[in-house]
Amino acid sequence: MRIRYIAMAFVLGTALVAGCSDDKKSDTTSGGGVTVPAESGTQVLVVAGDTSETEQFLTADPVSVSAGSITFSFQNTGNREHEMVILKTDTAVDALEIVGDRVSEDDAVGEIGETEAGVTASQTFDLDAGNYLLVCNIEKHYGQGMAVAFTVTG
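Using our numbering, the first residue of the sequence shown is number 16, and each one after it goes up by one.
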């Protein structure tokens, strides 16, 4: 009888250890008990910054991804506020019409709002296949170089 308890303890201990092991498909639980994958979708790093008072930049890595859930990590390395607006458009990166120091956001499908210098903000968007521009649309920033072409493939 004692051997039976030892065997049961061994089996239960093994099951407990296996249940707590770390695997590559880890999940996290958000509020409300909903389980979501820890690394779901595609990750894109977008970096905004300043090279001078009148020259700024916006980069994305990668610049082409598959359609679906895309998490943008927007890193403001500059010394002023920046934002990231996602425009679905076939217009060339340097050909958007500027009206009143900004471009139209009529084609916007998403946005990470004004982000302070030195701060990183993340947000996930579901994007369909197509051509996009990522722009900072704070006054004059697009005209100072804050735009990058971005492609979502089917």
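Quick reminder that beta carbons are idealized off the backbone N, C-alpha and C, glycines included. Only a predicted model underlies this, so the values are computations on that prediction, with no experimental measurement involved.
Task: Inter-stretch contact at 8 angstroms, needing at least 3 Cβ pairs: the stretch 99-113 / the stretch 141-156 - done: Yes, since at least three Cβ pairs between the stretch 99-113 and the stretch 141-156 fall closer than 8 angstroms, the two stretches touch.
Open item on the list: With the cut-off set at 8 angstroms, would you say E126 and E98 are in Cβ contact?
Closed with: On the sequence shown, position 111 is the one that residue 126 refers to. On the sequence shown, position 83 is the one that residue 98 refers to. Yes, Cβ-Cβ distance for E126 and E98 is below 8 angstroms.
Open item on the list: When you compare the CB positions of V78 and F165, do they come within less than 8 angstroms of one another, or not?
Closed with: Locating residue 78 in the sequence shown gives position 63, where the first residue counts as 1. Locating residue 165 in the sequence shown gives position 150, where the first residue counts as 1. It is a contact, given that the beta carbons lie within the stated cut-off.
TODO: Determine, using beta carbons only, whether G56 and I101 come nearer to each other than 8 angstroms.
DONE: Locating residue 56 in the sequence shown gives position 41, where the first residue counts as 1. Locating residue 101 in the sequence shown gives position 86, where the first residue counts as 1. No; because the gap between Cβ atoms is not below 8 angstroms, this pair is not in contact.
TODO: Classify G145 as helix, strand or coil using the three-state DSSP reduction.
DONE: As a working note, residue 145 is residue 130 in the sequence shown. Here G145 sits in strand by DSSP.
Task: Whole runs of the beta strand (DSSP E) within the stretch 66-126, excluding any shorter than 3 residues - done: Complete beta strand (DSSP E) runs here, min 3: 71-76, 79-81, 83-91 and 97-103.
Task: Contact check, F87 vs T135, beta carbons under 8 angstroms - done: Within the sequence shown, the letter at position 72 stands for residue 87. Within the sequence shown, the letter at position 120 stands for residue 135. No. Outside cutoff.
Open item on the list: I need the DSSP call for G158, collapsed to helix, strand or coil.
Closed with: Residue 158 sits at position 143 when you count from the first residue of the sequence shown. Three-state DSSP puts G158 in a helix.
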